[in-house]
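Each residue of the sequence shown is one higher than the last, beginning at 13 in the working numbering. Cβ coordinates follow ideal geometry from the N, Cα and C atoms, glycine included. See below for the structure under consideration.
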Amino acid sequence: MTCPVELTDVHRSFGSTRALAGLSLQARAGEITAVLGPNGAGKTTAMEICEGLQRPDSGTVRVLGHDPRTNPQVLRPRVGVMVQDGGLPVMARAEELLRHVARLYSHPREVNELVDTLGLAPFARTSVRRLSGGQRQRLALAIALVGRPELVFLDEPSAGLDPQARLAVWELVRSLRADGVSVVLSTHLMDEAAQLADRVVIIDHGAVIAHGTVTELTTPVAPPHVAAAAATPAPDRAPHPTSQPAPAVGSLQLTGRFTPEARAAVEELARQHGLQVHGAAATGGVGELGARRTLEDVFLDLTGRSLR
Numbered sequence: 013m014t015c016p017v018e019l020t021d022v023h024r025s026f027g028s029t030r031a032l033a034g035l036s037l038q039a040r041a042g043e044i045t046a047v048l049g050p051n052g053a054g055k056t057t058a059m060e061i062c063e064g065l066q067r068p069d070s071g072t073v074r075v076l077g078h079d080p081r082t083n084p085q086v087l088r089p090r091v092g093v094m095v096q097d098g099g100l101p102v103m104a105r106a107e108e109l110l111r112h113v114a115r116l117y118s119h120p121r122e123v124n125e126l127v128d129t130l131g132l133a134p135f136a137r138t139s140v141r142r143l144s145g146g147q148r149q150r151l152a153l154a155i156a157l158v159g160r161p162e163l164v165f166l167d168e169p170s171a172g173l174d175p176q177a178r179l180a181v182w183e184l185v186r187s188l189r190a191d192g193v194s195v196v197l198s199t200h201l202m203d204e205a206a207q208l209a210d211r212v213v214i215i216d217h218g219a220v221i222a223h224g225t226v227t228e229l230t231t232p233v234a235p236p237h238v239a240a241a242a243a244t245p246a247p248d249r250a251p252h253p254t255s256q257p258a259p260a261v262g263s264l265q266l267t268g269r270f271t272p273e274a275r276a277a278v279e280e281l282a283r284q285h286g287l288q289v290h291g292a293a294a295t296g297g298v299g300e301l302g303a304r305r306t307l308e309d310v311f312l313d314l315t316g317r318s319l320r
């Protein structure tokens with residue numbers, strides 16, 4: 013499957029603050045990829061680099077096969093962007109602004125359809141500076157989609173929305189996927205990611221710490237263990253009398269609460285000895301391994317519970 017978004021070993025620092033530390037991630041074509049992470053994890057920086065709004069210090073970034081900093085004119089008509097603060101001209105009226113942006117594209121989406129779907133009519137003639145946060149979010153989303161993009165970046169699309177508006181946005185995002193549009197969204201809402209995402213990427217301290225489908229991330233597996241990678245001889249083939257004994261294959265069960273630091277240490281030790289780590293760490297002891305965890309449980313296990 014092709015990947016319209018690929019970041020490889022991307023670094024970005026602001027003075028002494030390291031925002032991205034070798035970030036590598038992919039977003040697949042025709043799928044919704046949710047990017048999760050605590051405040052300061054590097055989500056917005058990564059999104060803005062993909063959108064061409066920031067330049068990485070090093071690493072490779074490809075969006076629809078192009079570098080967003082050197083080929084913005086190629087990407088602009090093909091990519092929709094909804095940034096976190098909207099970036100909208102405050103004196104413009106909502107619907108006038110949407111229609112103005114629509115005229116910049118050769119085959120725009122029907123403006124009236126977006127107005128109806130996102131409930132823009134009640135504030136269509138209101139200036140942007142007088143809109144509530146939720147109203148600005150809906151207008152910013154409409155502007156991101158009006159050009160019929162192949163790829164859409166959505167930064168916190170449900171921030172400030174009431175439940176009804178949030179459901180409308182979710183349905184619209186699902187319809188994009190049904191039309192073959194690739195969607196990359198960052199969010200703090202675990203239920204949003206669980207409801208919408210085909211794949212989830214969790215980042216912290218500027219690097220990916222977990223990725224996979226929601227089911228892969230939340231379904232408990234066998235108790236955590238370290239298994240030898242060597243194979244035993246086939247049952248129908250006896251070992252040569254002078255050959256060295258094959259390494260034993262077995263498992264070592266580790267019980268207790270796995271912090272992200274403990275898990276990383278175990279994986280590093282296993283790698284040094286040619287072993288592989290399998291299994292998902294539970295929040296508590298071995299008795300909790302059979303219970304299905306939520307995406308929020310996984311997120312907190314990996315990123316910790318301390319405020320930042």
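Coarse secondary structure for residue i, derived from DSSP in three states
| i | result |
| --- | --- |
| His-223 | strand |
| Gly-316 | coil |
| Thr-129 | helix |
| His-285 | coil |
| Val-140 | helix |
| Thr-45 | strand |
| Leu-100 | coil |
| Val-213 | strand |
| Thr-306 | coil |
| Ser-118 | coil |
Cut-off 8 Å between Cβ atoms - residues of its own chain near residue i, not counting five sequence neighbours on either side
| i | result |
| --- | --- |
| Glu-60 | Gln-66, Val-95 |
| Arg-90 | Leu-76, Pro-161, Glu-162, Leu-163 |
| Phe-311 | Leu-48, Met-202, Ile-214 |
| Leu-153 | Met-94, Leu-130, Leu-166, Pro-169, Val-181, Leu-184 |
| Arg-121 | Ala-114, Leu-157, Val-158, Gly-159, Arg-160 |
| Gly-34 | Asp-21, Val-22, His-23, Gly-71, Gly-218, Ala-219 |
| Leu-109 | Leu-100, Pro-101, Val-140, Leu-151, Ile-155 |
Close-in-space but distant-in-sequence residues of the same chain around residue i (CB under 7 Å, 5 per side omitted)
| i | result |
| --- | --- |
| Leu-147 | It should be noted that the sequence gives Gln, not Leu, for residue 147. So the list reads Phe-135, once near-sequence residues are dropped. |
| Pro-80 | Cys-62, Glu-63, Gly-64, Val-73, Leu-87 |
| Asp-167 | Thr-56, Met-59, Met-94, Val-95, Gln-96, Ser-198 |
| Thr-4 | Any property of residue 4 remains undetermined from this structure, which presents the chain solely from 13 to 320. |
| His-119 | Arg-160 |
| Asn-51 | Arg-320 |
| Thr-138 | Arg-105, Ala-106 |
| Gly-192 | Gly-42 |
N- and C-terminal bounds of the alpha helix (DSSP H) containing residue i
| i | result |
| --- | --- |
| Ser-187 | 175-190 |
| Leu-65 | Here Leu-65 belongs to no alpha helix (DSSP H), and DSSP marks it neither H nor E. |
| Arg-81 | Taken as a continuous stretch (DSSP letters only), Arg-81 belongs to no alpha helix (DSSP H), as it is neither H nor E. |
| Val-113 | 106-114 |
| Asp-203 | 202-208 |
8 Å contact criterion, which residue i and residue j should meet: CB distance rounded
| i | j | result |
| --- | --- | --- |
| Val-140 | Val-102 | 5 Å |
| Leu-208 | Ala-46 | 7 Å |
| Leu-314 | Ala-222 | 6 Å |
| Ala-171 | Leu-307 | Not confirmed; about 18 Å, so no contact. |
| Gln-5 | Leu-173 | A question about residue 5 goes unanswered here, because the residues of the chain that appear run from 13 up to 320. |
| Val-123 | Arg-142 | Between Arg-142 and Val-123 the Cβ distance is about 21 Å, and since that is not below 8 Å, they are no contact. |
| Ala-53 | Asp-216 | 5 Å |
Residue span of the beta strand (DSSP E) that contains residue i, given as start and end
| i | result |
| --- | --- |
| Leu-37 | 29-39 |
| Asp-21 | 17-26 |
| Met-94 | 91-94 |
| Leu-2 | This structure gives no information on residue 2, because the portion of the chain shown stretches from 13 to 320. |
| Arg-160 | Note, Arg-160: premise wrong, no beta strand (DSSP E); not H, not E. |
| Ser-70 | 70-75 |
| Ser-194 | 194-198 |
Neighbourhood of residue i by C-beta distance below 6 Å, restricted to the same chain and skipping five residues each side
| i | result |
| --- | --- |
| Glu-107 | Ala-136 |
| Arg-24 | Ala-31, Leu-32, Thr-57, Pro-68, Asp-69 |
| Glu-18 | Gln-38, Arg-74 |
| Pro-84 | Gly-64 |
| Ala-246 | A caution first: Ala-246 carries a pLDDT of 44, below 50, which makes its placement in the model unreliable, though a value can still be read off. Excluding sequence neighbours, Ala-246 sits near nothing in its chain. |
| Leu-188 | Val-195 |
| Ile-44 | Arg-189, Val-195, Leu-208, Ala-209, Asp-210 |
| Cys-15 | Gln-38, Arg-40 |
| Tyr-117 | Gly-159 |
The ligand FMN heavy atom lying under 8 Å from the CB of residue i
| i | result |
| --- | --- |
| Leu-157 | Ligands displayed in this structure: none; no statement on the ligand FMN is therefore possible. |
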